[in-house]
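Below you'll find the structure, written out as structure tokens, and then a few comments.
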Amino acid sequence: MNNLAIKMHEAWLTTLMAGFMSTNENKQKLFDFSDILFRHFCWIEREMVESKEAYNYDRDAIPIKVEKLSVILYNIIERLNQIDLQLTVVSDDLSYRIAQDIKYITGVLPTLKDEDITAFNSERTLDNIELTQEATDALTLFLFEESYKEYELIMIYNYLKAQSDDAYINRIFQILVDESFFHLKSFGDMMAKMGILGVPRSIYKEMYQIEDVTEFFLAGIDEELKAKEECRKLSEAVSANSPELAKFFDFINNQENYHIALMRDALAHWENKKNV
Amino acid sequence: MTVDAQLIEHMMEPKNYGTLEDANSQGIGKNPNNGEKVIIYLKVIEDEGEDVIEDIAFQAIGCSTTIVAGSMITQEARGLSFIGAVNLIGATMKILEKVPPEDAACSEMVALALKASLETYIQRKTDKDYPIVTNKISNDCVVKDEETTNE
């Protein structure tokens, strides 16, 4: 089942990247499909947890550099067709659900209007905003670092949620997954517009198979504080040339406050539970 | 960090990131202060009496700079003999002497992982169960005494 989960993980990310590449009405459709594939991934994971099958979040590198959207769409279809052949390893209900979704998605993808892709042209301009070289460089580094961080957080919180039966803490993990998805989509879209789209690198098992949950929360709070500082610096760097972009990074910065509050809440709950 | 086309290329598509199924050596470079680490996987072949890096891959827990350094150094190392790889490590460490320690740490971790992977291979010639060598960097980027672990 782990192999099926890996293939679904790769199909989800490929579809998400295709969503970033698109600049028209295809985008929302591709994001919706990628969300569905992520849910499939979570459901397969749940069955692995229930059957006590050992698993990990390993995956292969995902090549995405294309000049036409249709090329990546056919790659997704190929990936989904391969997944379809492996569905016998999951329960009948889940297998039926995934198979029907694949049938629909692989039917829709070839009908999407083709697009020329500019997400890899490295031009590093954003929505006609004139940024200084220094601000452009700072934004470039921020997007690479933070898009990976958001992907990492999605995977870590998702893994912890899958391993936990604690409803209180799982509610918090789910909020944090949803929030990281929003940030990842925002950053990925910006990267595509700037022509610097890249797939976040895969994560090590030591990062999500956490031994010390208390330490993880404390480090996570520290990371969020650092992310806030990065957003603040970036907002400052771009404010002279683009108040709009500065406002966006202030908005992201302010969202991190609630993440910190949630993580402190989760930490307090965890510590209480440990002491009972 | 100066952002140029080469750097962007390595960030968008890091070269040699991942594992090697047929690796016959591994080495780890580690920052003991923050848990960051780099693992290098090698496939070494013997060519005219010399050990040669036929294939190489790396994985990292670290920042973008570590990934870029891993991508660049592994590209350089592919196809090199062990003597060539030692020279590459030496040249890298020399360049890093001129870089502020906090900026040098990431690249140093990659260079030390490569060094560790060569050492693991050499040790396993006489002891096939020799543990994977780990080299640690310190805060000021001075290499501490080497040690071996069973990671």
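Residue numbers (the working numbering), protein chains in the order written: chain S, 337 to 612; chain F, 153 to 303. Beta carbons: idealized from backbone N, C-alpha and C, even for Gly. Computed from a predicted model, the values in this text were never measured in an experiment.
Residue i at chain F interface by Cβ criterion, 7 Å
| i | result |
| --- | --- |
| residue 550/S | no |
| residue 443/S | no |
| residue 488/S | no |
| residue 480/S | yes |
| residue 492/S | no |
| residue 532/S | yes |
| residue 537/S | yes |
| residue 431/S | no |
| residue 397/S | yes |
| residue 525/S | no |
| residue 540/S | yes |
| residue 461/S | no |
| residue 358/S | no |
| residue 428/S | no |
| residue 458/S | yes |
| residue 473/S | yes |
| residue 447/S | no |
| residue 468/S | no |
| residue 476/S | yes |
Any C-beta of chain S under 7 Å from that of residue i
| i | result |
| --- | --- |
| residue 164/F | yes |
| residue 223/F | no |
| residue 282/F | no |
| residue 155/F | yes |
| residue 288/F | no |
Range covered by the alpha helix (DSSP H) that runs through residue i
| i | result |
| --- | --- |
| residue 380/S | 362 to 386 |
| residue 177/F | Careful: residue 177/F lies outside any alpha helix (DSSP H), inside the beta strand (DSSP E) at 177 to 182. |
| residue 523/S | 503 to 530 |
| residue 259/F | 253 to 278 |
| residue 238/F | 234 to 249 |
| residue 415/S | 405 to 421 |
| residue 611/S | 579 to 611 |
| residue 432/S | 428 to 444 |
| residue 569/S | 549 to 575 |
| residue 494/S | 469 to 499 |
| residue 424/S | Unbroken run through residue 424/S: none, as it is neither H nor E. |
| residue 223/F | 216 to 229 |
Endpoints, the beta strand (DSSP E) within which residue i is located
| i | result |
| --- | --- |
| residue 204/F | 202 to 213 |
| residue 286/F | 285 to 288 |
| residue 193/F | 189 to 199 |
Contacts around residue i, its chain only, beta-carbon distance under 8 Å, and the 5 residues preceding and following it disregarded
| i | result |
| --- | --- |
| residue 613/S | Residue 613/S lies beyond the range of chain S shown here (337 to 612); nothing can be said about it. |
| residue 621/S | Shown here, chain S extends from 337 to 612; a query on residue 621/S therefore has no answer. |
| residue 603/S | 550, 553, 554 and 557 |
| residue 160/F | none |
| residue 490/S | 513, 516, 517 and 520 |
| residue 422/S | 339, 340 and 343 |
| residue 541/S | 392, 393 and 394 |
Chain-order list of residues whose beta-carbon lies under 6 Å from that of residue i (same chain, five-residue window excluded)
| i | result |
| --- | --- |
| residue 233/F | 202 and 204 |
| residue 557/S | 596 and 599 |
| residue 338/S | 391 |
| residue 459/S | 531 |
Same chain, Cβ closer than 7 Å to residue i, neighbours up to 5 away in sequence not counted
| i | result |
| --- | --- |
| residue 456/S | 401, 531 and 533 |
| residue 358/S | 366, 405 and 451 |
| residue 373/S | 344, 347, 348 and 351 |
| residue 535/S | 349, 353, 398 and 400 |
| residue 383/S | 337, 426, 427 and 430 |
| residue 355/S | 363, 366, 367 and 370 |
| residue 503/S | none |
| residue 453/S | 357, 402, 403, 404 and 405 |
| residue 445/S | 409, 412 and 413 |
Min CB distance residue i to chain C below 7 Å
| i | result |
| --- | --- |
| residue 610/S | In the displayed structure, chain C is absent; the protein chains listed are S and F. |
Could you check whether the stretch 525 to 534 of chain S touches the stretch 553 to 573 of chain S, counting it as contact only if at least three pairs of C-beta atoms, one from each stretch, sit closer than 8 Å? no
Check whether the stretch 412 to 428 of chain S and the stretch 463 to 478 of chain S are in contact - that is, three or more C-beta pairs closer than 8 Å. no
The stretch 207 to 219 of chain F: positions lying closer than 7 Å to chain S by Cβ: Under the 7 Å Cβ criterion, the stretch 207 to 219 of chain F contributes 211, 213, 215, 216 and 219.
So if I threshold CB-CB distances at 7 Å, which residues from the stretch 159 to 193 of chain F count as touching chain S? 160, 163, 164, 165, 166, 169 and 170
Counting Cβ pairs, one atom from each stretch, are 3 or more of them under 8 Å apart for the stretch 266 to 281 of chain F and the stretch 172 to 190 of chain F? yes
Cβ pair count under 8 Å reaching 3, the stretch 579 to 594 of chain S against the stretch 483 to 493 of chain S: no
Is it true that the stretch 205 to 214 of chain F meets the stretch 180 to 192 of chain F, where meeting means three or more beta-carbon pairs spaced less than 8 Å apart? yes
Please list, in chain order, the residues of the stretch 546 to 570 of chain S that have any C-beta partner in chain F closer than 8 Å. none
Indicate whether the contact test is met: 3 or more Cβ pairs, each with one atom in the stretch 251 to 269 of chain F and one in the stretch 218 to 235 of chain F, closer than 8 Å. yes
Which residues of the stretch 588 to 604 of chain S have a Cβ closer than 8 Å to any Cβ of chain F? Give them in chain order. The stretch 588 to 604 of chain S vs chain F, Cβ under 8 Å: nothing.
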